[in-house]
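Protein sequences, first through last, are from chains A and F.
Residue 1 is where the first sequence starts when you use this note's numbering, and the numbers rise one by one after that.
Residue 219 is where the second sequence starts when you use this note's numbering, and the numbers rise one by one after that.
Just so it is clear, CB atoms sit at the ideal spot from N, CA and C, and this is done for glycine as well.
Being a predicted model, the structure only gives us computed values, none of them experimental.
Data first, discussion second: the structure below is written as structure tokens.
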Amino acid sequence: MGDGDLDLVQRIAAGDERALECLYARHAQSLFAYAYHLIGDRGAAEEALQDTFVAIWRGATSFEERSTVRTWLFGICRRQALQRVRRGAPAAQPIEEVPEPPSEDPGPDAVVLARADASAVAAALATLSPIHREVLDLTFGADLSHAEVAEVLGIPVGTVKSRLFHARAALARALPVDTSRDSPEGHEPAMSSAARGNVAASVPARSGTRRPPDQELK
Amino acid sequence: MIHPTDQLPEYAAATLPPDVADRIRDHLEGCARCQAELAAWQPVAAGVRARVEAVAAPSPALFDAVRRRLSRPAVARYSAPLASSPLRRAVGVLAYQWRLIRWPAWVLAGLVLVGTAAATLSPAGADRVLATVIPLGAAAAIAGVCGRGLDPAAELIGATPTSPRVVLLARLTSVLATATLGGLALTALAVTTAATGLGGALALTMAWLVPLAALSAVSFALSVLVRPSAGVMAAVSAWLVRAVSFDGANRWLTNLVDPLWTQAPVVFTLTAVVMGLTIFLAPRRERFRAAS
Chain A
1 MGDGDLDLVQ RIAAGDERAL ECLYARHAQS LFAYAYHLIG DRGAAEEALQ DTFVAIWRGA
61 TSFEERSTVR TWLFGICRRQ ALQRVRRGAP AAQPIEEVPE PPSEDPGPDA VVLARADASA
121 VAAALATLSP IHREVLDLTF GADLSHAEVA EVLGIPVGTV KSRLFHARAA LARALPVDTS
181 RDSPEGHEPA MSSAARGNVA ASVPARSGTR RPPDQELK
Chain F
219 MIHPTDQLPE YAAATLPPDV ADRIRDHLEG CARCQAELAA WQPVAAGVRA RVEAVAAPSP
279 ALFDAVRRRL SRPAVARYSA PLASSPLRRA VGVLAYQWRL IRWPAWVLAG LVLVGTAAAT
339 LSPAGADRVL ATVIPLGAAA AIAGVCGRGL DPAAELIGAT PTSPRVVLLA RLTSVLATAT
399 LGGLALTALA VTTAATGLGG ALALTMAWLV PLAALSAVSF ALSVLVRPSA GVMAAVSAWL
459 VRAVSFDGAN RWLTNLVDPL WTQAPVVFTL TAVVMGLTIF LAPRRERFRA AS
């Protein structure tokens, strides 16, 4: 798929409108979701998406393959979206970036999260600070690698990693405490044995194609 | 044992290359800690995806709107075609900057050139005329072309992977090359009319080339890092002090700015350092501004 994107960008650089349409068909949905979550307004997100593809059309000749096409697209889309965020742009948010490498044992947030279901997590995401939400959106929603996220956000890869852990901790704090399934800590592993058996086998590796968005992990 | 803790988010997102993912899968088999860690990422991944999927598709008419805008005249592009040689790309980046200069700038530059040429022919002293006009003109042009916040195409440049540093360097090169070529042409004119010989020609060239470098560096650094008016003000101030000190009445003023006009090796070295630093700092400065 990556190769296909590059080919499309080269055709766009040569002035091929149909190539732009193909690129749109491939990426518009995830770019739109990303822009929508940055701005919080459908109309403005649609404008940002429109401007993104116009910028791609005009800028395709100068795409130098230093980044992947998808990183480039998300970078442009981010700029277009942030122009429409009057206040509360992610970069302007206070950051809790005390360097905090993941500890030796999975923290309490791991325990809380392992019990949460997707809809509860999705609801809790809405309460996160934009800076935390964005790094999660790019990693799990846009399917970008840490290096690609770093490029889109213009921050070091190490910061992406630490920000992810902070975001996860914040997410765990935002989750409602589920007392019905609560058990004394330390008496029980964080996961059921069935889940553990699944873990290793259930995550497909990237094998040349990206997972379609509707294919869930569970 | 080294745990792949940092890579587990990517593993949960399935964005790792297959060989790395395989290695992590092997590790997970025997590591309860990493299994628990991964089990904490998976609901996060599922939650983000659920939230992304909940976003309804953009309006079907959106691409038509994009297509309608494609036919409009495009803003100048900033780089030569893909996969061309570095030299062709450099020429492309340089050439594209010229399209941003509007016609009043050309008219003004032409008038200044003609006026200076006429003044050079007078017996008053070509060196003073050239040493005042060329550096100031170049400093103003640098502020106008490279200055922060003046660029109609800044957003577009920001949206392309052509480095902002490269664009800045291209613009600086354009102005300096133009000023230097103009200065050399005027010098040649003065030398041929006055028949001063090679030594005189060299002295005359240095008379404007040294302040050209000094004022350009000042204007460039301040225009890019602070704002264009700061660059112009600093250059004009230095220039005024020099003009005032021509009669030699004010010794300390003369001593203050004279080196900018006379100390060639020092000025050229400092110019290179200041310009290099400015180009290095420019994108950081933008990022800082965007964040604050």
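Taking the CA atoms as reference points, residue 109 (chain A) sits about 37 Å from residue 47 (chain A). Of the residues assessed, residue 487 (chain F) falls on the exposed side of the cut-off, its CB having fewer than 16 other CB atoms within 10 angstroms.
For residue 285 (chain F) and residue 364 (chain F), the gap between their C-alpha atoms comes out near 33 Å.
Only those residues of the region 127-149 of chain A whose C-beta falls short of 7 Å from the nearest C-beta of chain F are listed: 136, 137, 139, 140, 141, 143, 144, 145, 146. A Cβ-Cβ distance of about 6 Å is found for the pair residue 356 (chain F) and residue 393 (chain F), placing them in contact under the 8 Å criterion. In chain order, 229, 232 place their CB closer than 8 Å to the CB of residue 239 (chain F), counting only its own chain and leaving out the 5 sequence neighbours on each side. Not a single CB atom of chain F sits nearer than 8 Å to the CB of residue 78 (chain A). Of the candidates F:451, F:234, F:310, F:276, F:234 places its Cα closest to the Cα of residue 143 (chain A). Take residue 422 (chain F), set aside five residues on each side of it, and the residues of its chain with a beta-carbon closer than 8 Å to its own are 344, 345, 348, 405, 408, 409, 414, in chain order.
At least one beta carbon of chain A lies nearer than 8 Å to the beta carbon of residue 224 (chain F). Using a Cβ-Cβ cut-off of 8 Å, residue 109 (chain A) counts as an interface residue toward chain F, since at least one Cβ of chain F sits closer than that to its own. Residues of the region 384-416 of chain F with a C-beta atom less than 9 Å from some C-beta of chain A do not occur.
Burial of residue 72 (chain A) is indicated by the presence of at least 16 other C-beta atoms within 10 angstroms of its C-beta. Residue 126 (chain A): not part of any alpha helix (DSSP H); DSSP gives it neither H nor E.
With the criterion set as a beta carbon lying under 7 Å from some beta carbon of chain F, the members of the region 39-51 of chain A are 46, 49, 50, in sequence order. Rounded to the nearest angstrom, the gap between the Cα atoms of residue 118 (chain A) and residue 270 (chain F) is 12 Å. By the criterion of a C-beta distance shorter than 7 Å, residue 57 (chain A) is surrounded in its chain by 12, 20, once the five residues flanking it on both sides are discounted.
Judged by their CB atoms, residue 265 (chain F) and residue 128 (chain A) are not nearer to each other than the 8 Å cut-off.
At a cut-off of 8 Å between beta carbons, residue 304 (chain F) makes no contact with chain A.
Per DSSP, reduced to three states, the secondary structure at residue 325 (chain F) is helical.
Annotation: residue 437 (chain F) to residue 460 (chain F) spans about 16 Å, alpha carbon to alpha carbon. In the three-state reduction of the DSSP assignment, residue 74 (chain A) falls in the helix class.
Using a Cβ-Cβ cut-off of 8 Å, residue 32 (chain A) counts as an interface residue toward chain F, since at least one Cβ of chain F sits closer than that to its own. For residue 115 (chain A), the secondary structure class from DSSP, reduced to helix, strand or coil, is helix. For residue 16 (chain A), there are no C-beta contacts with chain F under 9 Å, since the nearest C-beta of that chain is about 11 Å from it.
DSSP places residue 446 (chain F) inside the alpha helix (DSSP H), whose first and last residues are 446-462.
With contacts defined by Cβ atoms closer than 8 Å, residue 152 (chain A) and residue 32 (chain A) do not form a contacting pair.
Taken through DSSP and simplified to helix, strand or coil, residue 85 (chain A) comes out as coil. Contact check for residue 36 (chain A) against residue 28 (chain A) fails: the beta carbons are separated by 8 Å or more. Chain order gives no chain A residues near residue 333 (chain F), where near means a beta carbon separation below 8 Å; the closest approach is about 39 Å.
Using a CB distance below 7 Å, the part of the region 157-173 of chain A facing chain F consists of 161, 164, 168, 171, ordered along the chain.
Taking a Cβ-Cβ cut-off of 7 Å, the neighbours of residue 53 (chain A) in chain F comprise 284, given in sequence order. Straight through space, the alpha carbons of residue 489 (chain F) and residue 222 (chain F) are spaced by roughly 48 Å. Of all alpha-carbon atoms in F:470, F:241, F:325, F:443, the one lying nearest the alpha-carbon of residue 386 (chain F) is that of F:443.
About 10 Å separates the beta carbons of residue 156 (chain A) and residue 147 (chain A), which is beyond the 8 Å limit, so they are not a contact pair.
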